[in-house]
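Note that my numbering has the sequence shown beginning at 669, numbered continuously upward.
Just so you know, even glycine gets a beta-carbon here, dropped at the ideal spot from N, CA and C.
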Amino acid sequence: MNYTSIQDIDDIHTWVEEAKQLKANPLADIALGKNKTLGLLFFNSSLRTRLSTQKAALNLGMNPIVMNVSGDAWGIEFGDGTVMNGNTAEHIKEAAAVVSQYCDVIAVRAFPTLTDKTKDESEQVLSSFVKFASVPIVNMESATGHPLQGLTDALTISEHAKIAKPKVVLSWAPHIKALPHAVGNSFVEAMQKMDVDFVIANPEGYDLNPEITKDTPVYHNQEEAFKDADFVYTKNWSSYDNYGQVINTDPNWMITKDKLGAAKFMHCLPVRRNVVVEDAVLDSDSSLVIEQANNRTYAAQLVLKKILENG
Ligand SMILES: NCCC[C@H](NC(=O)CCC(=O)O)C(=O)O
Ligand SMILES: NC(=O)OP(=O)(O)O
669 MNYTSIQDID DIHTWVEEAK QLKANPLADI ALGKNKTLGL LFFNSSLRTR LSTQKAALNL
729 GMNPIVMNVS GDAWGIEFGD GTVMNGNTAE HIKEAAAVVS QYCDVIAVRA FPTLTDKTKD
789 ESEQVLSSFV KFASVPIVNM ESATGHPLQG LTDALTISEH AKIAKPKVVL SWAPHIKALP
849 HAVGNSFVEA MQKMDVDFVI ANPEGYDLNP EITKDTPVYH NQEEAFKDAD FVYTKNWSSY
909 DNYGQVINTD PNWMITKDKL GAAKFMHCLP VRRNVVVEDA VLDSDSSLVI EQANNRTYAA
969 QLVLKKILEN G
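(1) What separation, rounded to the nearest whole angstrom, lies between the Cα atoms of I880 and S796?
(2) Under a three-way DSSP split, which group does F779 fall into?
(3) Does DSSP put H843 in a helix, a strand or coil?
(4) Using three-state DSSP, classify T881 as helix, strand or coil.
(5) Excluding the 5 residues preceding and the 5 following Q675 in the sequence, name in chain order all residues of the same chain whose CB lies nearer than 8 Å to its CB.
(6) Can you tell which of G813, D863, H759 and G729 has its C-alpha closest to the C-alpha of I825?
(7) Is any heavy atom of ligand 2 found at a distance shorter than 8 Å from the C-beta of V737?
(8) Are the beta-carbon atoms belonging to T666 and V806 less than 9 Å from one another?
(9) I'd like to confirm the pairing. Which residues does DSSP put opposite N731 in its beta bridges?
(10) In whole angstroms, what is the alpha-carbon distance linking T924 and E827?
(11) Measure the alpha-carbon distance for T756 versus Q913 and round it to whole angstroms.
(12) Is V944 near ligand 2, judged by its Cβ being under 8 Å from some heavy atom?
(13) Between the Cα of A846 and the Cα atoms of I868, E791 and N910, which residue gives the shortest distance?
(14) Tell me the start and end of each unbroken beta strand (DSSP E) in the segment 783 to 859 that is at least 3 residues and wholly inside, in chain order.
(15) Could you tell me whether the Cβ atoms of G873 and A850 are closer together than 9 Å?
(16) In angstroms, rounded to a whole number, what distance separates the CA positions of D951 and F711?
(17) Taking 6 Å as the limit between beta carbons, can you name the residues of its chain near V836, skipping five residues before and five after?
(18) Looking at the C-beta of A822, does it have a partner C-beta in chain D at a distance below 9 Å?
(19) Looking only at its own chain, which residues have a Cβ that is under 6 Å from the Cβ of Q722, when we skip the five neighbours before and after it?
(20) Skipping 5 residues on each side, what residues in its chain have a beta carbon closer than 6 Å to that of L709?
(21) Using DSSP with H/G/I as helix, E/B as strand and the rest coil, what is T902?
(22) Provide the residue(s) that pair with F710 in DSSP beta bridges, ordered along the chain.
(23) When every heavy atom of ligand 1 is checked, does at least one fall within less than 8 Å of the C-beta of S714?
(24) Can you tell me whether DSSP reads A869 as helix, strand or coil?
(25) Which same chain residues end up closer than 7 Å to L970 when comparing Cβ atoms and leaving out the 5 residues on each side of it in sequence?
(26) Do P804 and V766 have their beta-carbon atoms positioned less than 9 Å apart in this structure?
(27) Given the structure, does L928 come close to ligand 1, in the sense that its CB is under 8 Å from one of the ligand's heavy atoms?
(28) May I ask you to check if the CB of E809 is nearer than 8 Å to at least one heavy atom of ligand 1?
(29) Along the chain, where does the alpha helix (DSSP H) that runs through K761 open and close?
(30) From the DSSP output, which residues share a beta bridge with S955?
(31) Rounded to a whole number of angstroms, what is the C-alpha to C-alpha distance between S790 and F746?
(32) When you compare each of P842, R964, N978 and E959 to V943 by their alpha carbons, which one comes out closest?
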């Protein structure tokens, strides 16, 4: 099996319960991954994914090997039939086949261009690994999704929910740079599978892909969306309609203690303090961000465990 999207989760409630069991007893399956190698390939920066996915592999007795593809490896060509007389030195056909001989599972991080919507939505890098590798592929954040993060967030909400059907808000917040939609998309897909009252808040012009948000309510008024919220999950993303553009940096969308009220604050990290969210939130008991990052290990461990068990 591959794990490339939240849609690869058959029953999220079962997966969340299984992740809780791994968290309670992380070394229970230490024999499962003996002599199995996990290759982690990074086309982009990472702190949490890089470390928590290795930690997950180690908890299963696997051997992780890591490569920063951008910079350290030869430039990889993804185009079919390309005359390779430019900057790329080897083709994904060879690269994926070669890495498959060294690894039993390959995990890949490859962000979007944010300039070419068609290319980003084709998931060129991730889908090329799926096509040309001969071992299972795990998505460590691709152009359009971050399913290890989405599973983590479902686990964290399940752990901290005080009522049967909590209200969860995904709120856009300002940022100086153009950021991907991947985290937002996977959070939306995860919440649509959970038993939660889920709404999205973002400024006009920042609606996510309607094929992903489907019938989830979208508010352009943050205050209205935050009413009676139990969890506020915050993330910046660039415009989807005006693809990859920053059309609004309105500081009034920053998350403050006042706006949050009694709700818990969530963010995938890294987060820019006092741009996305004020210090008073991150430094308070309302913030779940450190526990979220901890849960990345158990989400990754569950995915790797299922791959080891199912091939
Ligand atoms: N993996 C978690 C988020 C990664 C990325 N954030 C960033 O690029 C933040 C960069 C900055 O703040 O300069 C994103 O939004 O998808
Ligand atoms: N949340 C997350 O994926 O963090 P990194 O980008 O540091 O891996």
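Let's see:
(1) Taking the straight line joining both Cα atoms gives about 22 Å.
(2) Note: F779 maps to coil in three-state DSSP.
(3) coil
(4) helix
(5) E857
(6) D863
(7) no
(8) For residue 666 there is no data in the structure shown, the boundaries of the chain being 669 and 979.
(9) BP columns for N731 point to T705.
(10) The alpha-carbon atoms of T924 and E827 are separated by roughly 24 Å.
(11) Their Cα atoms are separated by approximately 28 Å.
(12) no
(13) When each option's Cα is compared against that of A846, the closest is N910.
(14) Look at the segment 783 to 859 and you find these whole runs of beta strand (DSSP E), each 3 residues long or longer: 805 to 807 and 835 to 840.
(15) It is not a contact, given that the beta carbons lie outside the stated cut-off.
(16) 32 Å
(17) M859, V864, F866 and F899
(18) Protein chain content of the structure displayed is limited to a single chain, and chain D is not contained in it.
(19) P732
(20) M735, V737 and V776
(21) strand
(22) N736 and R777
(23) yes
(24) strand
(25) W683, E686, A687 and L690
(26) no
(27) For L928, the CB stays at least 8 Å from every heavy atom of ligand 1.
(28) yes
(29) I760 to Y770
(30) F933
(31) 12 Å
(32) P842
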